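In full-length UniProt numbering, the protein residues as written are 1 to 228.
Ideal Cβ positions, reconstructed from N, Cα and C, are used throughout, including at glycine.
Here the structure is a predicted model, which is why all the values come from computation and not from measurement.
Quick notes on the structure that follows.
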């Protein structure tokens, strides 16, 4: 038999206090169990965000010996799927209109997109549970509801999608860093094209299959960090 002992663990979630956990398992320790235990401990380090996550139920299951791995892709009431900087659509559209007046390629691309009517929400994803893990998402709790300047540096597009290359700035001297390999703001996709496909735009550009228009100087728009 394998005895897993977690000592000196005192966690308080809405009145639930666990001074220590002693759980007996068959050897070796099942991967789902180890994964849940590690995730619970990691989440504890981000206590300011824990109240926004459904952690209590996971801890109860750990204590009872119920080790079902949570399906993080399924959105449930109260769960958080990703962290992002929410950007104001009117300012995005205004910046694109100004760019179109100076660049014929951009003007030709945007003329039939009607973004002022079709673009409802814009955001820069910072971290997603499916791609980066729940701990990565939780780490942005310190910036929740804070204003962050976002520097837009270029527009990349094909006949199927378009996105703004973007870099988040700082909050009180603390740099906000996106976990995405290519931080961006998706502004349009053709019918049947998933927004996540915009991640392929840099590769398509390097292959000569996408257009990139650099902003000189870059455009700065402020947004608010939110959880979705």
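In the structure shown, the three-state DSSP call for residue 194 is coil. Secondary structure within the region 173-227: the beta strand (DSSP E) runs of 3 or more consecutive residues, fully enclosed, are 184-189, 211-227 (chain order). Considering only 149, 98, 166, 160, the residue with the shortest C-alpha distance to residue 173 is 149. The Cβ atoms of residue 162 and residue 124 do not sit closer than 9 angstroms to each other. Around the C-beta of residue 191, fewer than 16 other C-beta atoms lie within 10 Å, and the residue is accordingly described as exposed.
Secondary structure note for residue 148: its beta strand (DSSP E) is the uninterrupted segment 147-157. Judged by beta-carbon spacing, residue 147 lies within the 9 angstroms limit of residue 171, meaning their Cβ atoms are closer than that value. Between residue 211 and residue 82, the C-beta spacing is not below 9 angstroms. Note on geometry: alpha-carbon atoms of residue 137 and residue 166 lie some 19 angstroms from one another. In terms of Cβ geometry, residue 213 and residue 103 form a close pair [threshold 9 angstroms]. Listed as beta-bridge partners of residue 168 by DSSP are 150.
Contact annotation: residue 153 and residue 218 have beta-carbon atoms nearer than 9 angstroms. With contacts defined by Cβ atoms closer than 9 angstroms, residue 187 and residue 122 form a contacting pair.
Under the criterion of beta carbons closer than 8 angstroms, residue 87 and residue 221 qualify as touching, at roughly 6 angstroms.
For residue 200 and residue 164, the gap between their C-alpha atoms comes out near 13 angstroms. Note: residue 128 is bridge-paired with 82 in the DSSP secondary-structure output. Where residue 95 is concerned, the enclosing alpha helix (DSSP H) starts and stops at 89-102. Rounded to whole angstroms, the gap between the alpha carbons of residue 141 and residue 118 is 31 angstroms. Rounded to whole angstroms, residue 101 and residue 135 show a C-alpha spacing of 43 angstroms.
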